[in-house]
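One structure is given below, encoded as C-alpha cells.
Protein chains: 2
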Amino acid sequence: MATISDVAKLAGLSVSTVSRVINDSPHVSEKKRNSVKSAMERLGYVPLPAARQLRGSKTNTMAVTIPRIVNPFFSYLVDAIEQKLDEAGYSTLIVQTFSKAEEELTALNLLKNQQVDGVILCSLENTWSIISDYCKYGKIILVNEYLKDVHVPIVRADQYDGFYKATNFLFDEGYSKIAYATGRKSITIMEKEANFDADRFAGFQDSLSEHKLGLNHDWLFTNAHTAEDGKNIFKMIMALDNKPDVIIAGSDEVAMGITQEAEEQKVKVPKQLGVLGVDDQPVSANLRIPLTTIRQPVNEMGQKAAETMLHLMSGESVPKVQICKLKIIKRASA
Amino acid sequence: MATISDVAKLAGLSVSTVSRVINDSPHVSEKKRNSVKSAMERLGYVPLPAARQLRGSKTNTMAVTIPRIVNPFFSYLVDAIEQKLDEAGYSTLIVQTFSKAEEELTALNLLKNQQVDGVILCSLENTWSIISDYCKYGKIILVNEYLKDVHVPIVRADQYDGFYKATNFLFDEGYSKIAYATGRKSITIMEKEANFDADRFAGFQDSLSEHKLGLNHDWLFTNAHTAEDGKNIFKMIMALDNKPDVIIAGSDEVAMGITQEAEEQKVKVPKQLGVLGVDDQPVSANLRIPLTTIRQPVNEMGQKAAETMLHLMSGESVPKVQICKLKIIKRASA
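Chains A and B, in that order, give the protein sequences. Numbering-wise, UniProt numbering puts 56 at position 56 of the first sequence, and it's gapless, one number per residue. Numbering-wise, UniProt numbering puts 120 at position 120 of the second sequence, and it's gapless, one number per residue.
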C-alpha cells in the first residue's frame, strides 16, 4: 500500500509538505495542496485520523470491556453506558474479554494507539500494574469490578452490604443451610473493599458468623457462569448426603439453570431447595418459577460510569469511588 | 503532542530516517536508530501501528455491527461469530448501530482507517452505494440482513420459507385472523429475495393468499423491538373491534411483552390470543407461558459468517450466498 513517502515522491514535494496538507495546516500554496491531493487519489493513499490525533485532536470514541455479551447483566450495563455516551456524541466499541487477559489488552491497546479516547473496564483480567501502565495514553475507569488503592475512578455496587443483607434475608425466611456459587475460579478471603468477589463472600460469611454458623466447603461452587453450569450445580447438590436448603446462585443465569434442572428432576423450588439469583434480569420476573434475586443497579451504574468518563474528558474532577446499592427482590424461588 | 517531524528535529535526522526506524527498515545505522529512539522517548512519541499497516501488515481485528446488544438474538449471534474468530487469533470490536446510519459508519471507518481487517455487518443502516464505497479498504460481509445484487458474500436465513411455513402452521392450528408485527418503520412490498423484511412479509402474504385471505391493515404493527413495544401492541389489539386471533410477533422480545400484558389483563394465551415468537431465545422455553416460536439458526449463521470472513482473509473463494433454515418450535403460546 502507498505510504506518505510515495505520495511525496509522486507529487514532487517533501514528506512534511504532504503531512501539512493532510493536517490542513496553513502556509501551503493551493497549487501544492492540489498536487498532494491528486497524488493521494492516484495512489489510493488514506490519511490516518490517528496520525492527526497525534496533534491532540480526539477520536470521540470510547472502548468498553465486558466479560461476556450473552450475560444480560453486561449487555444491559454496556447499553446504559453507550446510550449516555451517544448523547454526548461519542461512539462506543465493545470488547468481550471472555475473562482472558489478552482480550483486555485489545481494548487497552486501542487507547495506546489513540483509536479511542478512553476505556471503561467492566471486567478486570490483568493485574493492576499492567493496566495502570496504559493510564498515560488516556482515561481509564473501573465499573462494577474494583480494586483497593487504584488511582482511577471507580463506579461500583455495594457488594458486601448486598450479600450480607441477602444472607440475613434467607435466615429470616427460615433457611439455615446456605450454599454459595460464584463465577470465579476460586474464592479468596481478603480485607474489606479489596475487590468484588471478596466483598460478596465477606458479606455472606459475616452473616453466617452472626448466626453462629461456619463454612461448609461442600456447599461452595466455583466457575459458575451459565444456565448449563447451574444445571450441573443442581446435580452436584442432589448427590450430597448433607444437602443445603437454599443457594445464593451468583447470577440469574445460574439461578435459572438450577430451577430448570430442579423442575426436570421434580424437586420443588423453593420448598425443597430455595434459589436466590443475583442481577434481576428483565426476564427473571416472567419465568415459570419467578426468581427471588439481588437486583444490581445496572442502569444507575452504567449512567454514572458514562457521566464520570465524560467529566474526565472535559477535565472536570470526579469522585474517587461512587457506590450504588443492591436490593433484594422477593418472588417465588426463595 | 509530538509529531514525527518533532522527533526528526530533536534527533537531528530526516523524517524519512525516523520513519525507517519506526518501520524497522534495514539500512539505518545503530547510532541513528538509537538517536531516534531516545528522541521518541523524550517526546513521548507513539509510533502508530496503523501507519505500519499502510505497508500491508494486518490488524488481526474484526468489527461486527449489530442493531442492539440487549436483544439476545444479536448478543448470541455476535458471540458465535467472535468465538470462531477468536480461535483463529482475531480480536473483535462490537459496534451497536441503534439502527442509525452514522453508527454504522463508525464501524466502516474502522476499516477505512485500517484499524480492522474486515467488517461483518449484522445490521444494514446505510444505502448500499454508501457501504460499497468501503469495500476498497478491506473485507465486508453481510450476515442475517441482506440485499439483492450486492458483490459481498452473504450469510442469511431463509426468511421467506420460514414465515410462509409458520403462517401455514398457524392456519393448521385453527387460527385464521393473523396479525403481524415487525421492527421496521414501515413494511415494503418487494420482489422475492430483495431483503430480510420484504421476504418475511412475502412469506406471510403468500400463505394468506393461498388461504384466500387479504391483508387487514389494522393487524399490522411496525416499530416493534422491545417487550415494552409488545405490551403496547397488546393494548392496541384489545382496543380493536375486530380482533386478530393470533399474532406473529417479529421477535421473542416482543412476544414476551404481549404475553406478559395478556396475563396482566387476564386474557388467556393461547386461547383468546395466540402469540408466535421469532428467534427462540434460550429463555423462551422457561417462561411462565413458554413461547411457540420460529427458531433462527443463530449459531450456524454466526459460525458460517466467521468462517466466510476467515476464508476471505486468506484469499480463498467463498459462496456468494449461504442460506440457513428457520424452524418452528411448538410450545404453549400458539
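Every residue gets a Cβ at the ideal spot worked out from N, C-alpha and C, and that includes glycine.
Quick check on this structure: which residue in the options has the alpha carbon closest to the alpha carbon of residue i?
i, options, result
"leucine 213 of chain B", "B:Asn168, B:Glu30, B:Ser99", "B:Asn168"
"leucine 108 of chain A", "A:Ser25, A:Val283, A:Val64", "A:Val64"
"valine 269 of chain B", "B:Ser333, B:Val116, B:Ser99, B:Leu124", "B:Ser333"
"alanine 255 of chain B", "B:Ala239, B:Gly230, B:Asp245", "B:Gly230"
"lysine 271 of chain A", "A:Glu173, A:Gln205, A:Ile233", "A:Glu173"
"valine 298 of chain A", "A:Ile289, A:His311, A:Lys327, A:Ser314", "A:Lys327"
"threonine 226 of chain B", "B:Asn23, B:Lys32, B:Pro72, B:His217", "B:Pro72"
"asparagine 286 of chain A", "B:Glu264, B:Lys304, B:Thr293, B:Gly274", "B:Glu264"
"asparagine 216 of chain A", "A:Ile22, A:Asp199, A:Ile247, A:Glu193", "A:Ile247"
"valine 267 of chain B", "B:Thr106, B:Ala249, B:Val283, B:Ile237", "B:Ile237"
"leucine 312 of chain B", "B:Ile141, B:Glu191, B:Ser99, B:Tyr160", "B:Ile141"
"methionine 190 of chain B", "B:Val28, B:Met62, B:Gly203", "B:Gly203"
"glutamate 193 of chain B", "B:Ala39, B:Trp128, B:Asp149", "B:Asp149"
"threonine 127 of chain B", "B:Leu105, B:Leu110, B:Lys112, B:Asn144", "B:Leu105"
"aspartate 199 of chain A", "A:Tyr160, A:Ile22, A:Ser5", "A:Tyr160"
"residue 335 of chain B", "B:Ser29, B:Glu145, B:Gly12", "Here chain B has residues from 1 to 334 only, and residue 335 of chain B is not among them."
"aspartate 206 of chain B", "B:Ala181, B:Ile4, B:Lys165", "B:Lys165"
"asparagine 60 of chain A", "A:Glu316, A:Gln303, A:Met309", "A:Met309"
"alanine 306 of chain A", "A:Ala80, A:Thr293, A:Asn113, A:Glu41", "A:Ala80"
"lysine 185 of chain B", "B:Lys100, B:Asn113, B:Ile131", "B:Lys100"
"glutamate 300 of chain B", "B:Val143, B:Ile178, B:Tyr180, B:Val318", "B:Val143"
"alanine 181 of chain A", "A:Leu170, A:Asp133, A:Thr188, A:Ile233", "A:Ile233"
"leucine 170 of chain B", "B:Ser14, B:His211, B:Asp197, B:Pro319", "B:His211"
"threonine 97 of chain B", "B:Asn23, B:Asn113, B:Pro67, B:Gln114", "B:Pro67"
Beta carbon of residue i, beta carbon of residue j: below 8 Å?
i, j, result
"glycine 183 of chain A", "asparagine 223 of chain A", "yes"
"glycine 118 of chain B", "glycine 89 of chain B", "no"
"threonine 92 of chain B", "glutamate 102 of chain B", "no"
"serine 75 of chain B", "valine 70 of chain A", "yes"
"leucine 291 of chain B", "aspartate 241 of chain B", "no"
"valine 155 of chain A", "cysteine 135 of chain A", "no"
"alanine 157 of chain B", "isoleucine 323 of chain B", "yes"
"lysine 243 of chain B", "glutamate 261 of chain B", "no"
"leucine 147 of chain A", "asparagine 195 of chain A", "yes"
"serine 176 of chain B", "aspartate 245 of chain B", "yes"
"threonine 259 of chain B", "valine 278 of chain B", "no"
"leucine 110 of chain B", "valine 116 of chain B", "yes"
"valine 21 of chain A", "tyrosine 45 of chain A", "no"
"serine 16 of chain B", "serine 5 of chain A", "yes"
"methionine 62 of chain A", "leucine 77 of chain A", "no"
"arginine 288 of chain A", "arginine 331 of chain B", "no"
"leucine 220 of chain A", "isoleucine 187 of chain A", "yes"
"glutamine 303 of chain A", "aspartate 280 of chain A", "no"
"glutamate 228 of chain A", "glycine 257 of chain A", "yes"
"leucine 10 of chain A", "leucine 43 of chain A", "yes"
Provide the residue span of the beta strand (DSSP E) that contains residue i, from first to last.
i, result
"isoleucine 294 of chain B", "292-295"
"tyrosine 45 of chain B", "Careful: tyrosine 45 of chain B lies outside any beta strand (DSSP E) and carries neither H nor E."
"glycine 203 of chain A", "Here glycine 203 of chain A belongs to no beta strand (DSSP E); instead the alpha helix (DSSP H) covers 196-210."
"serine 91 of chain A", "91-96"
"alanine 179 of chain A", "178-181"
"valine 278 of chain A", "274-279"
"lysine 327 of chain A", "327-329"
"isoleucine 323 of chain A", "321-324"
Name the chain E residues whose beta carbon is nearer than 7 Å to that of residue i?
i, result
"glutamate 103 of chain B", "Looking for chain E here will not work: the only protein chains present are A and B."
Along the chain, where does the alpha helix (DSSP H) that runs through residue i open and close?
i, result
"threonine 65 of chain A", "No alpha helix (DSSP H) holds threonine 65 of chain A; the beta strand (DSSP E) holding it covers 61-66."
"serine 75 of chain B", "72-87"
"valine 7 of chain A", "4-11"
"asparagine 299 of chain A", "298-313"
"valine 15 of chain B", "15-22"
(message) Closer than 8 Å between beta carbons: that is the criterion. Which residues of the segment 222-237 of chain A meet it against chain B?
(response) For the segment 222-237 of chain A, the residues whose beta carbon sits under 8 Å from a beta carbon of chain B are, in order, Ala227.
(message) So within the segment 235-266 of chain B, which uninterrupted alpha helix (DSSP H) runs reach at least 4 residues, ignoring any that extend past its ends?
(response) Listed in chain order, they are 252-264.
(request) Compile a chain-ordered list of the residues in the segment 283-298 of chain A whose CB is closer than 7 Å to at least one CB of chain B. (result) For chain B, the residues of the segment 283-298 of chain A that bring a beta carbon within less than 7 Å of one of its beta carbons are Val283, Asn286, Leu287, Arg288, in chain order.
(message) Residues of the segment 241-257 of chain B in Cβ contact with chain A at a cutoff of 8 Å, in chain order, please.
(response) Listed in chain order, the positions of the segment 241-257 of chain B with a beta carbon within less than 8 Å of a beta carbon of chain A are Met256.
(message) At 4 residues or longer, what runs of the alpha helix (DSSP H) sit wholly inside the segment 102-176 of chain A?
(response) Assignment of alpha helix (DSSP H) within the segment 102-176 of chain A, counting only whole runs of 4 or more residues, yields 128-132, 159-172 in chain order.
(request) Taking only beta carbons into account, state which residues of the segment 68-79 of chain B come closer than 8 Å to chain A, listed in chain order. (result) For the segment 68-79 of chain B, which is checked against every Cβ of chain A, the residues closer than 8 Å are Arg68, Ile69, Val70, Pro72, Ser75, Tyr76, Val78, Asp79.
(message) If the cut-off is 7 Å on Cβ atoms, which residues from the segment 128-143 of chain A count as contacting chain B, listed in chain order?
(response) Identification of residues in the segment 128-143 of chain A having a C-beta nearer than 7 Å to some C-beta of chain B yields an empty set.
(request) Check distances from the C-beta atoms of the segment 9-36 of chain A to those of chain B and list, in chain order, the residues that come in under 9 Å. (result) Within the segment 9-36 of chain A, the residues whose Cβ lies closer than 9 Å to any Cβ of chain B are, in chain order, Ser14, Val15, Ser16, Ser19, Asn23.
(message) If the cut-off is 8 Å on Cβ atoms, which residues from the segment 261-281 of chain B count as contacting chain A, listed in chain order?
(response) Of all residues in the segment 261-281 of chain B, none is placed with a Cβ closer than 8 Å to any Cβ belonging to chain A.
(request) Determine which residues of the segment 162-176 of chain B have a Cβ less than 8 Å from any Cβ of chain A, and write them out in chain order. (result) Among the residues of the segment 162-176 of chain B, none has a Cβ less than 8 Å away from any Cβ of chain A.
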